[in-house]
Amino acid sequence: IDDEDVPENARKEIRKSLEIARNRVGELVEQYRKEELEQMPGRSLEETLEVMVRRELGQARDAAGEIAGRYLGLENPAVILAKSGARGSMLNLTQMAGAVGQQSVRGERLMRGYVRRTLPHFERGDLGADARGFVSSNYKSGLSPTEYFFHSMGGRESLVDTAVRTSRSGYMQRRLINALEDLKV
1 IDDEDVPENA
11 RKEIRKSLEI
21 ARNRVGELVE
31 QYRKEELEQM
41 PGRSLEETLE
51 VMVRRELGQA
61 RDAAGEIAGR
71 YLGLENPAVI
81 LAKSGARGSM
91 LNLTQMAGAV
101 GQQSVRGERL
111 MRGYVRRTLP
121 HFERGDLGAD
131 ARGFVSSNYK
141 SGLSPTEYFF
151 HSMGGRESLV
161 DTAVRTSRSG
171 YMQRRLINAL
181 EDLKV
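Heads up, the sequence shown is in the UniProt record's numbering, so the first residue is 1 and it goes up one at a time.
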């Protein structure tokens, strides 16, 4: 686990990068509320906001990963494992040393929960990064309770998808075997 340690100046740089992204998301939300946001062709104003926020937060996570990767260096055992394809990926390292990033359910930022908010800890109608599932912490330093909850929402979806996919493909295999059992070559 020491392989994912980054120096304090790297952590400061990552925090600064994430704060810039948070501020940019705040600006986008403000433009949306004032109806000054330029609408993308074929999308509603709300869809445009979501696309732009997801893009901004994705870039923030990638920037955190680049900063962490720069400080970890190419000689780091975890980086060697990821780059060689032996185990994990650079995204996994980004989440361990940089920032976990935006959590999503069904391909969208989190929005379900209490009345017009994801958790009672946030104000109603809050469209900001943190209130809609952005996890700025990393696995090495640990997640806050709200970040952990958001992360588990996204993880649960993957677990259910895997179980459903397995049962579906198993049933299809069984039907194929039964359909082809009398076939002779």
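All C-beta atoms in this analysis are idealised placements derived from N, C-alpha and C, irrespective of residue type, glycine included.
Pick helix, strand or coil for valine 51, following the three-state DSSP scheme.
-> The residue you call residue 51 lines up with position 51 of the sequence shown. Three-state DSSP puts valine 51 in a helix.
If glutamate 4 sits next to leucine 93, beta carbons under 8 Å apart, how far is it from one beta carbon to the other, in whole angstroms?
-> Along the sequence shown, read from residue 1 onward, the residue named residue 4 stands at position 4. Along the sequence shown, read from residue 1 onward, the residue named residue 93 stands at position 93. Confirmed, Cβ separation roughly 7 Å.
With DSSP collapsed to three states, give me the class of valine 115.
-> Walking along the sequence shown from the start, residue 115 turns up at place 115. Here valine 115 sits in coil by DSSP.
What is the DSSP secondary structure of glutamate 13, reduced to helix, strand or coil?
-> Residue mapping note: residue 13 aligns to position 13 of the sequence shown, counting from 1. Here glutamate 13 sits in helix by DSSP.
Can you name the residues that DSSP bridges to residue 197?
-> Lying outside 1 to 185, the shown extent of the chain, residue 197 is not represented and no answer is given.
Shortest alpha-carbon distance to asparagine 9 belongs to which of Arg61, Glu46, Val115 and Arg70?
-> Here residue 9 corresponds to residue number 9 of the sequence shown, with the count starting at 1. Checking every option, the nearest Cα to that of asparagine 9 belongs to Arg70.
Just checking, does the stretch 56-67 make contact with the stretch 36-47 on the three C-beta pairs under 8 Å criterion?
-> no
How would you call residue 219, buried or exposed, if buried means at least 16 neighbouring beta carbons within 10 angstroms?
-> Outside the shown range of the chain, which is 1 to 185, sits residue 219, and nothing can be said about it.
Got a sec? Which residues, its chain only, sit under 8 Å from arginine 117 by beta carbon, not counting five neighbours each side?
-> As a first step, residue 117 is located in the sequence shown; it is residue number 117 there, counting from the start. Closer than 8 Å at the Cβ level, and outside the excluded window around arginine 117, lie Glu123, Arg124, Gly125, Asp126 and Ala131.
Roughly how many angstroms separate the alpha carbons of glutamate 36 and methionine 52, rounded to a whole number?
-> If you number the sequence shown from 1, residue 36 lands on position 36. If you number the sequence shown from 1, residue 52 lands on position 52. About 14 Å.
Excluding sequence positions up to five away, which residues of its chain have a Cβ less than 8 Å from the Cβ of threonine 146?
-> Residue 146 sits at position 146 when you count from the first residue of the sequence shown. Here the set comprises Leu119, His121 and Asp130.
Between leucine 159 and leucine 143, what straight-line distance do the alpha-carbon atoms span, to the nearest angstrom?
-> Working through the sequence shown from its first residue, we reach residue 159 at position 159. Working through the sequence shown from its first residue, we reach residue 143 at position 143. Their Cα atoms are separated by approximately 20 Å.
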